[in-house]
Amino acid sequence: MNVARADMADLVYFFAIARHQSFSKAAVELGVSASTLSHAIKGFEARLGVRLLNRTTKSVTLTAAGESLASAVSEPVAAIDGAIEQLNQFRDSPAGHIRLNVAVEAATLLLAPVLPVFAERYPDIELDIVASNRIVDVTEARFDAGIRYGGTVPEDMVAQRLSADVRWVVAASPEYLARFGEPRHPHDLQQHRCVSNRLGNNRIYKWEFERGEEQLTVKVPPLLTVDLAETGVVAILQGFGLMYLPEPLIAEHVSAGRLRLVLTDWASYGPGFYIYYSSRHQVPTGLRLLISLVREMKPLGL
1 MNVARADMAD LVYFFAIARH QSFSKAAVEL GVSASTLSHA IKGFEARLGV
51 RLLNRTTKSV TLTAAGESLA SAVSEPVAAI DGAIEQLNQF RDSPAGHIRL
101 NVAVEAATLL LAPVLPVFAE RYPDIELDIV ASNRIVDVTE ARFDAGIRYG
151 GTVPEDMVAQ RLSADVRWVV AASPEYLARF GEPRHPHDLQ QHRCVSNRLG
201 NNRIYKWEFE RGEEQLTVKV PPLLTVDLAE TGVVAILQGF GLMYLPEPLI
251 AEHVSAGRLR LVLTDWASYG PGFYIYYSSR HQVPTGLRLL ISLVREMKPL
301 GL
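Residues 1 to 302 in UniProt numbering are what the sequence shown lists, from first letter to last.
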């Protein structure tokens, strides 16, 4: 059966809606209105004679027919993307669109210092960065790559290190320490107000310590649990309590005297940031250039 031009356009619309499970998010990606998408999909379904999407006021899900179509076209769409990407070798300067799903701290500490230089060098490459601590399947969600701490990178992905190992420290405001005292041993944390951090997979981050050959994991009594470390930093700056977090995140506050480190002789190191992507897809030129620039500038060492 010959595929009509309208069907090809509507197939692109459908695949974006299926990927996002949202008309509004797909509309933003495609640069059209949600009403345009809705009208196009209704016409597409009418021509095919099957319903592809279940729509409610709150959600969009695929029907069995929609699941079948999305599965069938995913590899051809990826092949088309790869073919278009290969055209970069014929351009005077690289161009394209790169989608990244990154941990919030990676966006702040690793990418933010690099982005102005990247934009200056490669003005025709568009970056779409989703900063979230929620771990997603980057392939299924149509991201080109993800950036996470090394210990949380999915094992079936190709991964490249982008930073040195990260030093994890405990910090509090001088006002809190003056009022409640300074812990001298990790076990003393049981007597303090603590801020815990929730990982993207919904687990609470362990407070891990090491001194020489001795290693400890302390379960603190969290008076506050946050899923964004930046939220916890705001709280401890106001004297809320103690928090265990990556040292680079609070380096400026420590230098300015707004926060103080405690238990420094027990500070531990954890894996730095890694970028990861599927081995099944060609690495886009823009992504290779971004990786190269991060490794060149080394905002967190390497």
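Yeah, the Cβ is synthetic: ideal placement off N, Cα and C, and Gly gets one too.
Under the rule that 16 or more other beta-carbon atoms within 10 Å means buried, what is residue i, buried or exposed?
i: H185; result: exposed
i: A26; result: buried
i: I204; result: exposed
i: P284; result: buried
i: S278; result: buried
Any idea what DSSP makes of residue i, helix, strand or coil?
i: S292; result: helix
i: T231; result: helix
i: G146; result: strand
i: M1; result: Caution applies to M1, whose pLDDT of 46 falls short of 50 and renders its modelled position unreliable; the model cannot decide the point.
i: V262; result: strand
i: A131; result: strand
i: P284; result: coil
i: L48; result: helix
i: G301; result: coil
i: H253; result: helix
Rounded to whole angstroms, how far is the Cβ of residue i from the Cβ of residue j, which I believe are closer than 8 Å?
i: L162; j: L245; result: Wrong, their Cβ atoms sit about 19 Å apart, outside the cutoff.
i: V233; j: E182; result: About 19 Å separates the two Cβ atoms, so there is no contact after all.
i: F209; j: L216; result: 5 Å
i: R211; j: D265; result: 6 Å
i: G286; j: G96; result: 5 Å
Starting from the Cα of residue i, find the closest Cα among the options and give me that residue.
i: V138; options: G146, E175 and L300; result: G146
i: A171; options: S255, E29 and P116; result: S255
i: R295; options: S278, G272 and S279; result: G272
i: M297; options: P113, E213 and E230; result: P113
i: I129; options: A267, V195, D10 and L115; result: L115
i: N54; options: R47, A46, A64 and L48; result: A64
i: N202; options: A95, V226 and H192; result: V226
i: M40; options: L11, G66 and G49; result: Reading off the sequence shown, one finds Ala at residue 40, where the question assumed Met. The residue with the shortest Cα to Cα distance from A40 is L11.
i: V166; options: Y269, A16 and H253; result: Y269
i: V117; options: T231, L293 and L224; result: L293
i: V220; options: L242, L228, E214 and L237; result: L242
i: A107; options: Q282, I125, T36 and R148; result: R148
i: A16; options: E140, L224, I135 and N133; result: E140
i: A164; options: V28, Y274 and I291; result: Y274
Taking the DSSP output, what are the residues bridged to residue i?
i: F209; result: L216
i: T225; result: S196
i: W168; result: P246 and S268
i: Y276; result: G146 and A159
i: I204; result: R198
i: V102; result: A131 and I147
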